[in-house]
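Asker: The structure's right below; bear with me while I get my questions together.
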């Protein structure tokens, strides 16, 4: 039971710090609820778009770096790059 009490006190401390740093302690309860709801909604949308778009951008960056490395070293073959792009487009037409 002491562990639960200590964990609860820890969470209360950090919630109090959150209220102080964001100046939410001055707001009424409905205003605080509205602010926290908007904050959670923005965080959820940012997380979803990060989950949705980040892998594609990372893969594009990896392909670009691979292209640059192959181009600089002289091992770049334009026909193989075009074949790879065509194969990727055929496998994943939504991209």
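Numbering (UniProt numbering), first residue to last: 1 to 95. Just so you know, even glycine gets a beta-carbon here, dropped at the ideal spot from N, CA and C. Small disclaimer: the values here were computed from a predicted structure and weren't measured.
#1: What residue range does the alpha helix (DSSP H) around residue 60 cover?
#2: Counting along the chain, where does the alpha helix (DSSP H) carrying residue 11 start and finish?
#3: How many whole angstroms separate the CB atoms of residue 24 and residue 32, which I take to be in contact at a CB cut-off of 8 angstroms?
#4: Beta-carbon within less than 6 angstroms of residue 61's beta-carbon, same chain only, minus the 5 sequence neighbours each way: which residues are those?
Answerer: With the given structure in hand:
#1: 29 to 73
#2: 2 to 22
#3: 5 angstroms
#4: none
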